[in-house]
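Undergrad: Taken in order, the sequence shown gives residues 107 to 204; the numbers are from our numbering. Glycine included, each C-beta is placed from N, C-alpha and C at the ideal position. Structure incoming, see below.
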Amino acid sequence: MVYGNGFSTIRADLKPIIYCIGLSDDEASRRTKIFVDEIKDTFSEENIHEPLVVRDIETAHRIYDFVERNIDAIILNVSGPRALFRKLVRLNIPIILW
107 MVYGNGFSTI
117 RADLKPIIYC
127 IGLSDDEASR
137 RTKIFVDEIK
147 DTFSEENIHE
157 PLVVRDIETA
167 HRIYDFVERN
177 IDAIILNVSG
187 PRALFRKLVR
197 LNIPIILW
């Protein structure tokens, strides 16, 4: 990870995660697009991995199976439940709450 004079100069592999259980497809797509656009405005776009959209309970329970181990940090949409955060802590990867 290389730090510079601002977030846009940070070079780190980032994995965005957004929690969308119970939302319609249109609403989940809209939220995901907004979330990813905000991240791309802040961080360098080439270091952002494909976002993980949690759409069902099974994915939420097995979330650590869907996160690559070669990333430097997770960017978690803060609207997710606390249990999701606790599962991600087990990965020992820094988590940025958004």
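Using a Cβ-Cβ cut-off of 8 Å (strictly less than) and excluding sequence neighbours within five positions of I205, which residues of its own chain qualify?
TA: Residue coverage of the chain in this structure runs from 107 to 204, which leaves residue 205 outside it and unanswerable.
Undergrad: Alpha carbon to alpha carbon, how far is R136 from F149? Give it in angstroms, no decimals.
TA: 20 Å
Undergrad: Measure the beta-carbon distance from I180 to I199 and round it to whole angstroms, keeping in mind my assumption that it falls under 8 Å.
TA: 6 Å
Undergrad: Tell me which residue opens and which closes the beta strand (DSSP E) that V160 is part of.
TA: From DSSP, the beta strand (DSSP E) with V160 extends over 158 to 160.
Undergrad: Answer with buried or exposed for M107, where buried requires no fewer than 16 other C-beta atoms within 10 angstroms of its C-beta.
TA: Residue placement at M107 cannot be trusted, given a pLDDT of 49 that sits under 50; what the coordinates show is reported in the next sentence. Under a 10 Å Cβ-count criterion, M107 is classified as exposed, with fewer than 16 other Cβ atoms of the shown protein chains found around its own Cβ.
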